[in-house]
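Right, dumping it as structure tokens:
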């Protein structure tokens with residue numbers, strides 16, 4: 008079997024790479040170890056873009072230069088500016104590219120309150136819709152997608168140039184001769200051994216929330232060829248995440264009217280941090296045992312039932328502003344599973360969370376004074392979210408954080424070429440999306456809302472174009 012470019016992984020980076028390779032005149036072949044394509048992009052809501060046709064139609068002023076500087080500031084310059092620059096510069100064109108496939112973006116949403124500029128591009132049906140369109144176009148263009156076929160090895164010649172990929176499918180091992188390979192396997196968030204090796208401090212408490220199958224295959228194959236790494240241990244995490252996972256209960260814990268306490272029964276942060284789940288996780292993980300509790304009273308619960316959530320959990324899971332029927336049943340299930348507690352007594356709840364019996368009462372009494380005065384003198388919480396807890400029964404929801412994916416891995420340059428330990432490209436080898444490092448720091452950048460999905464698609468296109476130039480002798 009032969010191809011110009013073998014793309015390892017058929018997700019949010021791999022399928023755009025396949026289509027971009029076709030557009031550049033290269034014969035691409037996609038290996039997908041699962042029975043379906045899409046990967047983590049199936050769970051994505053929207054993606055980042057700047058100066059897109061959609062933003063221009065909606066008169067949204069999202070300047071690439073300004074967002075580039077904001078991204079560097081947010082990451083404290085721990086990222087590769089050239090990689091971030093080509094990503095942001097290309098992002099608007101990728102919206103054009105998608106719209107030419109029949110999708111029109113008329114909604115660009117805020118990810119957090121008062122976000123300026125708006126950059127989060129959302130299409131009806133979300134990431135799953137885009138994956139279906141990409142898959143359909145691959146089929147129409149005759150781009151082979153070998154499902155249930157796992158890449159095992161990228162082989163190179165004596166000079167270190169990529170010569171092909173060895174894989175294993177349902178009918179046994181296959182070898183594909185190729186001049187280039189693009190690694191697009193989605194990172195290593197499903198690989199407990201790699202997580203234990205690179206981020207052991209988080210392994211105990213983090214629940215995998217993404218799509219299974221992100222086993223680090225691409226990272227392992229690249230390292231076997233001498234690839235260097237960047238940002239290993241950087242995780243795409245969010246909080247709060249209840250035990251056990253339940254989207255409705257997560258939305259309750261994330262309501263800004265709640266108070267968050269640690270196992271000592273003490274508040275530890277302004278709870279409106281919940282609007283930025285990528286920063287909230289940092290506060291959560293600082294607490295002993297990485298376990299925290301959301302506390303609310305019956306009035307807060309009834310407000311949710313009648314008026315819906317203020318924050319919610321995204322349109323895919325728990326939308327905002329809609330009546331929540333069945334909330335009592337969801338809370339009862341969580342209580343039965345040991346992940347929540349209800350009582351007329353704050354002292355009983357304090358004992359349940361493992362704090363001194365009077366600790367939670369003291370915390371709530373202090374907080375209620377802040378609410379009455381409309382001023383949180385400790386954490387300066389926005390007064391519009393200061394609501395006293397006085398109406399029993401009271402509820403406690405146990406939570407920590409959730410793992411969405413990885414944000415570090417194979418070291419690349421701005422052409423998406425894989426670099427060896429001398430910082431030189433491995434000829435013909437490229438890596439994209441969550442398999443790579445350098446585009447994100449240790450905290451996911453909410454300023455570039457949807458950057459994981461956005462970087463996946465854009466890096467896939469960029470890699471395929473550069474790989475095509477490489478095999479066609481243009482570089």
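Residue numbers (this note's numbering): 8 to 482.
Each residue gets a CB set at the ideal place from its N, CA and C atoms; glycine is no exception.
How should residue 293 be labelled, buried or exposed, when 16 other C-beta atoms within 10 angstroms of its C-beta is the threshold for buried?
One-based indexing of the chain shown puts residue 293 at position 286. Residue 293 should be labelled exposed.
Boundaries of the alpha helix (DSSP H) in which residue 248 is found, first to last residue
For this step, residue 248 is matched to residue 241 along the chain shown. Per DSSP, residue 248 belongs to no alpha helix (DSSP H); it is in the beta strand (DSSP E), 242-249.
Which residue wins for smallest C-alpha separation from residue 342, given the options 251, 417 and 416?
On the chain shown, position 335 is the one that residue 342 refers to. When only C-alpha atoms are compared, the closest one is 251.
Nearest-angstrom Cα separation, counted from residue 390 out to residue 365:
Stepping through the chain shown from its first residue, residue 365 is reached at position 358. Stepping through the chain shown from its first residue, residue 390 is reached at position 383. Answer to the nearest angstrom: the Cα atoms are 26 Å apart.
Bounding residues of the alpha helix (DSSP H) (the contiguous stretch that carries residue 312):
Indexing the chain shown from 1 puts residue 312 at position 305. It spans 305-314 - the alpha helix (DSSP H) in which residue 312 sits, taken as one unbroken run.
Are the segment 170-189 and the segment 30-39 in contact at 8 Å, needing three or more beta carbon pairs?
In short, these stretches touch, since the Cβ pair count reaches three.
So, for residue 392: in the same chain, excluding its five sequence neighbours on each side, which residues have a beta-carbon less than 6 Å away from its beta-carbon?
The count along the chain shown starts at 1 and reaches residue 392 at position 385. The residues are 263, 264 and 279.
Starting from residue 14 and walking both ways along the beta strand (DSSP E), at which residues does that stretch end?
Locating residue 14 in the chain shown gives position 7, counting from the first residue. Segment 12-15, the beta strand (DSSP E) holding residue 14.
Which runs of the beta strand (DSSP E), 3 residues or longer, sit entirely within the segment 385-463?
401-413, 416-418, 424-426 and 432-438
For residue 36, the first and last residue of its enclosing beta strand (DSSP E)
Indexing the chain shown from 1 puts residue 36 at position 29. 35-39 is the span of the beta strand (DSSP E), which, as asked, contains residue 36.
Just how far apart, CA to CA, sit residue 302 and residue 275?
As a first step, residue 302 must be located in the chain shown, where it is residue number 295. As a first step, residue 275 must be located in the chain shown, where it is residue number 268. Answer to the nearest angstrom: the Cα atoms are 13 Å apart.
Cβ neighbours of residue 74 in the same chain (closer than 8 Å, five flanking residues each side left out)
The count along the chain shown starts at 1 and reaches residue 74 at position 67. Contacts found: 57, 95, 124, 126, 454 and 455.
Among the residues of its own chain, which have a CB less than 7 Å from the CB of residue 118, if the five just before and after it don't count?
Sequence index remark: in the chain shown, residue 118 carries index 111 (1-based). The answer, listed in chain order, is 127, 453 and 456.
Would the beta-carbon of residue 468 fall within 9 Å of that of residue 24?
As a first step, residue 468 is located in the chain shown; it is residue number 461 there, counting from the start. As a first step, residue 24 is located in the chain shown; it is residue number 17 there, counting from the start. Cβ atoms of residue 468 and residue 24: closer than 9 Å.
Tell me whether residue 43 is buried or exposed, calling it buried when 16 or more other Cβ atoms sit within 10 Å of its Cβ.
Position 36 of the chain shown, counted from the first residue, corresponds to residue 43. Its Cβ having fewer than 16 others within 10 Å, residue 43 is exposed.
Could you tell me which of 257, 333 and 441 sits nearest to residue 321, measuring between CA atoms?
Taking the first residue of the chain shown as position 1, residue 321 is located at position 314. Of the candidates 257, 333 and 441, the one whose C-alpha sits nearest the C-alpha of residue 321 is 257.
Using 8 Å as the Cβ pair cut-off and three pairs as the minimum, do the segment 395-406 and the segment 360-374 touch?
Yes, the segment 395-406 is in contact with the segment 360-374.
Which word fits residue 480, buried or exposed, when buried means at least 16 other C-beta atoms lie within 10 angstroms of its C-beta?
Along the chain shown, read from residue 1 onward, the residue named residue 480 stands at position 473. Looking at its Cβ environment, which holds fewer than 16 other Cβ atoms inside 10 Å, residue 480 is exposed.
With H, G and I counted as helix, E and B as strand and the rest as coil, what does DSSP make of residue 86?
For the purposes of this step, residue 86 is taken as the residue at position 79 of the chain shown. If DSSP states are grouped into helix, strand and coil, residue 86 belongs with coil.
Less than 9 Å between the C-beta atoms of residue 158 and residue 40, yes or no?
Along the chain shown, one-based indexing puts residue 158 at 151. Along the chain shown, one-based indexing puts residue 40 at 33. Yes; because the gap between Cβ atoms is below 9 Å, this pair is in contact.
Out of 259, 388 and 235, which has the shortest C-alpha to C-alpha gap to residue 445?
Mapped onto the chain shown, residue 445 falls at position 438. The shortest Cα separation from residue 445 among 259, 388 and 235 belongs to 235.
CB-CB length for residue 432 against residue 426, believed under 8 Å
Numbered from its first residue, the chain shown carries residue 432 at position 425. Numbered from its first residue, the chain shown carries residue 426 at position 419. Correct: roughly 6 Å between the Cβ atoms.
Determine the contact status of residue 277 and residue 386, defining contact as a CB-CB distance below 9 Å.
What you label residue 277 is simply residue 270 of the chain shown in a count that begins at 1. What you label residue 386 is simply residue 379 of the chain shown in a count that begins at 1. It is a contact, given that the beta carbons lie within the stated cut-off.
Taking 9 Å as the cut-off, decide whether the C-beta atoms of residue 414 and residue 437 are in contact.
Working through the chain shown from its first residue, we reach residue 414 at position 407. Working through the chain shown from its first residue, we reach residue 437 at position 430. No, the pair does not count as a contact, with Cβ atoms beyond the cut-off.
Residue 136 burial status per 10 Å Cβ neighbour count (16 or more: buried):
Position 129 of the chain shown, counted from the first residue, corresponds to residue 136. Exposed is the call here.
Could you tell me which uninterrupted beta strand (DSSP E) segments, each at least 3 residues in length, are contained entirely in the segment 127-172, listed from first to last along the chain?
127-129, 152-154 and 157-163
Per DSSP, which one or two residues make a beta bridge with residue 175?
Taking the chain shown and counting its residues from 1, the one referred to as residue 175 is at position 168. Its beta-bridge partners are 157 and 180.
Is the segment 332-348 touching the segment 230-244, taking contact as three or more C-beta pairs under 8 Å?
no
Among 50, 138, 447 and 29, the one whose alpha carbon lies nearest that of residue 80
Numbered from its first residue, the chain shown carries residue 80 at position 73. Minimum Cα distance to residue 80 is reached at 447.
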